[in-house]
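Sequential numbering of the sequence shown, starting at 103, is according to our numbering.
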Amino acid sequence: MKVDVLLGLQWGDEGKGKIVDVLAPGYDVVARFQGGPNAGHTLEFDGIKHVLHQIPSGIFREKTRNIIGNGVVLDPIIFKAEIEKLEKYNLNVKANLFISKKATLILPTHRLLDQAYEKAKGVNKIGSTLKGIGPSYQDKIGRQGLRVGDVLASSFKEKLKKLTDIHFEILKTHDIPFDWNALESQFLDAVSFLKQFKLIDSEYFINNELKSGSTILAEGAQGSLLDIDFGSYPFVTSSSTVTAGACTGLGVAPKHIGEVYGIFKAYSTRVGSGPFPTELLDEEGEKMRKEGNEFGSTTGRPRRCGWIDLPSLKYSIMINGVTQLLMMKADVLNIFPTIKICTKYKLGDGSITETVPYELVNENVQPIYTEVKGWHTSLEGITQNKMPAELTQYIELLEKALEVPITLISTGPDRKQTVHRKK
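In structure tokens, the structure reads:
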């Protein structure tokens, strides 16, 4: 068997949570491979909206085992709150959730450092979610981080003090008030809660599942254009959000990667700072935001909105090896009589390109659009055979440009509002 990978192709918020929930019945295991509580994976069914931050989106499927992989940074406090929110749904969470001992812990001081570093940037803020993600990955790379497996050691409190003392020295130079006694008490309580779960050597677990013939879906967080290497640096996240990150974030060899599902919206959005060539700063952008309810599920911040960007999508498809495309939120474009598609960029020197420039952050990038007729009608209850002709034409135009089949169309937030297309 192979590990299939599901990830976002834009700047995050593409709708990965819904799709994992839709696909989960076909998989024995769903595994998160990077990111942390800066992710907000939204699922909606039976009239209830759920937002997951660290727990894999297969948790609502009774027969699906869920792994928080070694590439994830885990905040025990937020983890405890997430689990407590799920308790009323009578899910067998303790039986179906496994946590890698090699996942890195987010400490309360990491959140404080996140605030301090962002504040120090002044007007050049990254737009961090302030969840401590960057500082915890810094400690991981700096070889001084604490990992989930450390909570089982008798020396854990000693290790915690050693690392937080380092953090306190850094925080002395920043004006960030905090009550460490209260924060430490809350953290240690959450660590005790975390120890009740199955803390495992996840790389052995997942490879044994492969050997036994289990079907596995690797769930990514954020989006490819936020990748630490390939995204719009420095306005990126702190982990590898691309397919290669599934290998390092789960301990899976490249030869085991199967299908790569690339998720994208029928338009584009971005939360936080950074370049966004097709951003609409006018009435159309506001209409798009309201129609799509484009507000961050983790932060509540309004998302920046714009037309679809084919050069960046082609780039994401290339670096991920995408085999199937899944188009989300097609229904948001119902209100537009005409739809624009960015097919190329015009750079500051007047040259035209279809590739993403290295200096995307500082380069004067102007989108070149193709305009098509919109379907301008509700997509409620549509099937593949009953799609408006204009929507079919839009899909086929994208498929031709991207050279990858679009096998799923999402027409609403509920898991039932999904149209599967043949490859």
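By construction, the Cβ of each residue, glycine as well, lies at the ideal position given by its N, Cα and C atoms.
To which residues of the same chain is residue 289 closer than 7 angstroms at the C-beta, ignoring the five residues directly before and after it?
The answer, listed in chain order, is 178, 179, 209, 210.
Starting from residue 283, trace the alpha helix (DSSP H) in both directions and tell me its first and last residue.
Counting along the chain, the alpha helix (DSSP H) containing residue 283 begins and ends at 282–296.
Considering only the beta carbon of each residue, do residue 375 and residue 227 sit closer than 8 angstroms?
Closer than 8 angstroms, so yes.
Can you tell me whether residue 257 is buried or exposed? The criterion is at least 16 other CB atoms within 10 Å of its CB, across all chains shown.
Looking at its Cβ environment, which holds fewer than 16 other Cβ atoms inside 10 Å, residue 257 is exposed.
With DSSP as the reference, label residue 167 as helix, strand or coil.
In this structure, residue 167 counts as strand in the three-state DSSP scheme.
Whole angstroms is fine: what's the gap from residue 253's alpha carbon to residue 447's?
Using only the alpha carbons, I get a separation of about 50 angstroms.
Helix, strand or coil, according to DSSP, for residue 211 in the structure here?
Residue 211: helix per DSSP, three-state reduction.
Going by DSSP, what residues sit across from residue 426 in a beta bridge?
Answer is 363.
When burial is assigned at 16 or more other CB atoms within 10 Å of the CB, is residue 141 buried or exposed?
Buried, because 16 or more other Cβ atoms sit within 10 Å of the Cβ of residue 141.
Quick one, are the C-beta atoms of residue 275 and residue 247 less than 8 angstroms apart?
Going by C-beta atoms, residue 275 is not nearer than 8 angstroms to residue 247.
Any C-beta of chain D sitting closer than 8 angstroms to the C-beta of residue 373?
Of the chains in the structure shown, none is chain D; there is only one protein chain.
Taking the alpha-carbon of residue 405 as reference, which of 302, 463, 283, 115 has the nearest alpha-carbon?
Nearest of 302, 463, 283, 115 to residue 405, Cα basis: 115.
Taking all protein chains shown into account, decide if residue 330 is buried (16 or more other Cβ within 10 angstroms of its Cβ) or exposed.
Per the 10 Å Cβ criterion, buried.
Please return the same chain residues whose Cβ sits closer than 6 angstroms to the Cβ of residue 381, not counting the five positions on each side in sequence.
For residue 381, where only same-chain residues beyond five positions count, the Cβ hits under 6 angstroms are 406, 408.
Distance check for residue 132 and residue 263, CA to CA, integer angstroms please.
For residue 263 and residue 132, the distance between alpha carbons rounds to 34 angstroms.
Are the beta-carbon atoms belonging to residue 325 and residue 343 less than 8 angstroms from one another?
Going by C-beta atoms, residue 325 is nearer than 8 angstroms to residue 343.
Using 8 angstroms for Cβ pairs, my map puts residue 365 next to residue 121. What's the rounded Cβ distance?
So it is a contact: roughly 6 angstroms between Cβ atoms.
Could you give the first and the last residue of the continuous beta strand (DSSP E) run that contains residue 110?
Taken as a continuous stretch (DSSP letters only), the beta strand (DSSP E) holding residue 110 covers 105–110.
Can you name the residues that DSSP bridges to residue 397?
In the DSSP output, where bridge partners are listed per residue, residue 397 has 404.
Helix, strand or coil for residue 320? Go by DSSP, reduced to three states.
Note: residue 320 maps to strand in three-state DSSP.
Can you name the start and end residues of the beta strand (DSSP E) that residue 369 belongs to?
Element bounds for residue 369: n/a, residue is neither H nor E.
Near residue 432, what residues of its chain come up, given a Cβ to Cβ distance below 7 angstroms and the 5 sequence neighbours on each side ignored?
Answer for residue 432: 368, 481, 493, 511, 512, 513, listed in chain order.
Expressed to the nearest angstrom, what Euclidean distance is found between the alpha-carbon atoms of residue 113 and residue 491?
Approximately 29 angstroms, taken between the alpha carbons.
In terms of residues, what are the limits of the alpha helix (DSSP H) holding residue 197?
Counting along the chain, the alpha helix (DSSP H) containing residue 197 begins and ends at 195–198.
Output yes or no for whether 8 angstroms exceeds the beta carbon distance between residue 351 and residue 109.
No.
For residue 477, which residues in the same chain have their Cβ closer than 6 angstroms to its Cβ, ignoring the five residues on either side in sequence?
Excluding sequence neighbours, residue 477 sits near 490, 492, 493.
If you pair each beta-carbon of the stretch 211–221 with each one of the stretch 183–193, do three or more pairs fall below 8 angstroms?
With the cut-off at 8 angstroms, the stretch 211–221 and the stretch 183–193 do not touch.
In the DSSP assignment, find the alpha helix (DSSP H) that holds residue 496 and state where it starts and stops.
Note, residue 496: alpha helix (DSSP H), 491–504.
Since residue 469 sits in a beta bridge, which residues does DSSP pair it with?
Answer is 447, bridged to residue 469.
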